[in-house]
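Input: a single structure, listed below in structure tokens.
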Amino acid sequence: MKTQDIRPIRDGYGNALLKLGETNPNVLVLDADLSTSTRTNWFAEKFPERFIDVGIAEQNMVDIAAGLSLEGKIPFVTTYGVFVCGRAFDQLRNTVCYSQLNVKIVGSHGGISVGPDGGSHQAIEDIALMRILPHMTVVVPCDHFQAYKATMELAELQGPAYLRLAREATEAITDENSNFEIGKAQILTEGDDCAIFFAGTIGAEVMKAFELLHDKNIFPTIINMHTIKPIDKECIIKYAKKFGKLMTVEEHLQAGGLGSAIAEVLVEEYPVKVKMLAIYDRFGESGQPDVLLDAFGLSAKRICEQVEEFVRE
Amino acid sequence: MEKITKIDQLQKRAEEIRYDIVSMIAETGSGHPGGSLSGVDIGTVLFFNEMNYDPHNPTREERDRFILSKGHAAPLLYALLAHASYFERSELKTLRKYKSRLQGHPASLMLPGVEVSTGSLGQGLSISCGIALSGKMDKKNYRVYTLLGDGELDEGQVWEAAMFASHKKLDNLCAIVDRNRLQIDGDTEKVMALEPLKAKWDAFGWHTILIDGHNISDILDAFEEFHSVKNKPTVILAKTVKGKGVSFMENIAGWHGKAPDREQTEQALKEIKARMDA
Chain A
408 MKTQDIRPIR DGYGNALLKL GETNPNVLVL DADLSTSTRT NWFAEKFPER FIDVGIAEQN
468 MVDIAAGLSL EGKIPFVTTY GVFVCGRAFD QLRNTVCYSQ LNVKIVGSHG GISVGPDGGS
528 HQAIEDIALM RILPHMTVVV PCDHFQAYKA TMELAELQGP AYLRLAREAT EAITDENSNF
588 EIGKAQILTE GDDCAIFFAG TIGAEVMKAF ELLHDKNIFP TIINMHTIKP IDKECIIKYA
648 KKFGKLMTVE EHLQAGGLGS AIAEVLVEEY PVKVKMLAIY DRFGESGQPD VLLDAFGLSA
708 KRICEQVEEF VRE
Chain B
-16 MEKITKIDQL QKRAEEIRYD IVSMIAETGS GHPGGSLSGV DIGTVLFFNE MNYDPHNPTR
44 EERDRFILSK GHAAPLLYAL LAHASYFERS ELKTLRKYKS RLQGHPASLM LPGVEVSTGS
104 LGQGLSISCG IALSGKMDKK NYRVYTLLGD GELDEGQVWE AAMFASHKKL DNLCAIVDRN
164 RLQIDGDTEK VMALEPLKAK WDAFGWHTIL IDGHNISDIL DAFEEFHSVK NKPTVILAKT
224 VKGKGVSFME NIAGWHGKAP DREQTEQALK EIKARMDA
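For the record, the sequence lines run as chains A and B. Quick note on my numbering: the first sequence kicks off at 408 and runs consecutively. Quick note on my numbering: the second sequence kicks off at -16 and runs consecutively.
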């Protein structure tokens, strides 16, 4: 049994940037006046000449990054997911993706677990907005270890990419030595009762649910779908065939998120029922993260209940 | 690229560019003649006198960069690139057609010489800021030029970029505003007043130069002045005429995005040809 490691996923990003600062002179970091929240301030302190604070101007930030990337730089554009994906969507579409530029977009504060700031600050549509863009890679790591690895890999990947982070300190469910490969799903548990796909820090709740399910004699296969695009079709089809139905869990709108992405694969390749635990056509609201997760049916306890029902039906 | 230094030769080249703009839009039956024609003299001086580049090596590191922020003036950019030998002039007639490299608005993945795709307004200045900042970071000597429409200045992002450029002292950046005073819905001062425009740019910390955007000598002088400005970006507010050089198109908003018919094309080309041969 490993010891608990509870840290914000943003820390993994901040640490990866520090490493990249040393190893890759082309890496630059941009922020829009939120550097302490997003952890880019760590990079800024150590590499001030390679940190660009544009002020509260997300559209400008994305296109400045586009210009920098045209000159061979690898800009990591960082701010809250809700602001960069929404406000700067046209810049991401018409400049970054249409010209296939090597710009990395990092949206922190994904999901309702952002908590007290409320619906205006909780990105729940960012995955949908980013994954529909041609050329865009979309990665949603599950903890700070994986955020570190994802950041390092994205620096090497040529082309636009979106990395979704979250605010809360959550329990690590992978470790330093866990394998991570963009586009390749990570199997966390192999059970014979059902398959649960998740993306992001909600994985900590899913793993807690796993323990609860254990007591009920239910053993799920749990799959960390950290890459939403390109999606690991082979893995999805494999478990659809094995179980005849799948479940997905995400802190995102049901429309356009992980569950939708999986359903898109299945309706064309191997139609089975997909039960999506997600946010259904509404905005988030203020509250403590654990209270909100429970209210939205995404706490370990609520996930456990819904898995049980799903397995028994 | 061999530079043209004589004013009459630059004027002649400008008319050749106009001829090609009208021809390609007429041939394909769609495109934006008004704002392409108003920017011709500025573009001609940029491409055939001011900028350093190598059409046979479009990504040469030392080249000066040009970003067409007003992407709908694609016919202007294509005519300039063709005359600068990036590709054959015969390709101009493929404008806006299926499989053509000459997309309705410039697409960088398709055509060498197009630095970045544009078309959605208000973004070129920000992109240019990024390129100029990179040049400063790496102590490169290239300069960055971007052509904006005046209607485009309605976009708030332009002013975010204006703030950034002066904050970062990007004196390797020159913005040119094609001030033809017409946007799609009419007079810029009636749709969304821009004046006092010079005062706005001054207040944002830019070196501001006012010129007649069809006077070659004025344009040459303005770029000369830009070279001498230190620690701040330069904007050239070029007073122009939308549809310049085709009498029936001049100062008429309706010619923003409409192709001339056969008869109109004949007249337009006749007018331009007369000046080319003069």
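Quick reminder that beta carbons are idealized off the backbone N, C-alpha and C, glycines included. Just so it is clear, the structure is predicted and the values come from calculations on it, not from any experiment.
- Taking 9 Å as the cut-off, the beta carbon of glycine 474 of chain A is found closer than this to the beta carbon of alanine 115 of chain B.
- Contact between the region 57 to 64 of chain B and the region 104 to 123 of chain B is absent: fewer than three C-beta pairs spanning the two stretches fall below 8 Å.
- Residue pairing from DSSP places glycine 514 of chain A in a beta bridge opposite A:Thr486 and A:Arg571.
- With a threshold of 9 Å between beta carbons, methionine -16 of chain B makes no contact with chain A.
- For aspartate 201 of chain B, the enclosing alpha helix (DSSP H) starts and ends at 199 to 211.
- When the beta-carbon positions are compared, alanine 535 of chain A and valine 489 of chain A stay at least 9 Å from each other.
- Using a C-beta cut-off of 8 Å, the region 474 to 486 of chain A makes contact with the region 429 to 449 of chain A, since at least three inter-stretch Cβ pairs fall below that distance.
- The beta carbon of alanine 592 of chain A lies closer than 6 Å to those of Ile630, Met632, Asp639 and Cys642 in the same chain, with the five residues before and after it left out.
- Put simply, the backbone Cα of phenylalanine 30 of chain B is about 56 Å away from that of threonine 655 of chain A.
- Sorting A:Gln713, A:Arg689, A:Glu560 and A:Pro415 by C-alpha distance to the C-alpha of threonine 443 of chain A places A:Pro415 at the top.
- DSSP, read as helix, strand or coil, puts tyrosine 2 of chain B in helix.
- The residues Gly691, Glu692 and Ser693, in chain order, have a CB closer than 8 Å to that of glycine 525 of chain A in the same chain once the five nearest residues on each side in sequence are set aside.
- In the structure shown, the three-state DSSP call for valine 229 of chain B is coil.
- DSSP places threonine 77 of chain B outside any beta strand (DSSP E), giving it a letter other than H or E.
- Here the C-alpha atom of glutamine -6 of chain B lies approximately 11 Å from the C-alpha atom of aspartate 260 of chain B.
- The three-state secondary structure of asparagine 631 of chain A, taken from DSSP, is strand.
- In terms of Cβ geometry, glycine 102 of chain B and glycine 118 of chain B do not form a close pair [threshold 9 Å].
- Secondary structure at phenylalanine 70 of chain B: coil, using DSSP grouped into helix, strand and coil.
- For alanine 451 of chain A, there are no neighbours in chain B by C-beta distance under 9 Å, as the nearest C-beta there is about 15 Å away.
- Ala90, Ser91 and Leu92: these are the residues of the region 77 to 94 of chain B whose beta carbon lies less than 8 Å from some beta carbon of chain A, given in chain order.
- In chain order, Ile519 and Ile686 place their CB closer than 7 Å to the CB of phenylalanine 703 of chain A, counting only its own chain and leaving out the 5 sequence neighbours on each side.
- Cβ neighbours of isoleucine 192 of chain B within its own chain (closer than 8 Å, five residues either side excluded): Ala205, Glu208, Phe209, Thr217, Val218, Ile219 and Leu220.
- Neighbourhood of threonine 502 of chain A in chain B, by CB distance below 7 Å: Val99, Ser100, Gln106 and Ile110, in chain order.
- Taking 9 Å as the threshold, the shortest C-beta distance from alanine 568 of chain A to chain B does not fall below it.
- Distance from alanine 568 of chain A to threonine 544 of chain A at the Cβ level is roughly 4 Å; contact confirmed, criterion being Cβ atoms closer than 8 Å.
- For lysine 480 of chain A, the chain B residues whose Cβ falls inside 7 Å of its Cβ are Ser117, in order along the chain.
- Assignment of glutamine 565 of chain A by DSSP, reduced to helix, strand and coil, places it in the coil class.
- The shortest CA-to-CA distance from asparagine 448 of chain A to any of A:Glu588, A:Lys645 and A:Asn422 is the one to A:Asn422.
- Within the same chain, Cβ atoms closer than 8 Å to the Cβ of glutamate 233 of chain B are found at Val224, Lys225, Gly226 and Lys227, the five residues on either side in sequence being excluded.
- The criterion of a C-beta distance shorter than 9 Å is satisfied by glycine 419 of chain A and aspartate 550 of chain A.
- Taking C-beta atoms as the reference points, threonine 445 of chain A and glutamate 465 of chain A fail to come closer than 9 Å.
- A Cβ-Cβ distance of about 7 Å is found for the pair tyrosine 128 of chain B and arginine 48 of chain B, placing them in contact under the 8 Å criterion.
- Lysine 253 of chain B counts as exposed, since fewer than 16 other C-beta atoms from the protein chains shown sit within 10 angstroms of its C-beta.
- In the three-state scheme derived from DSSP, where H, G and I count as helix and E and B as strand, lysine 222 of chain B is classed as strand.
- At least one CB atom of chain B sits nearer than 9 Å to the CB of glycine 474 of chain A.
- With at least 16 other beta carbons inside 10 angstroms of its own, alanine 472 of chain A counts as buried.
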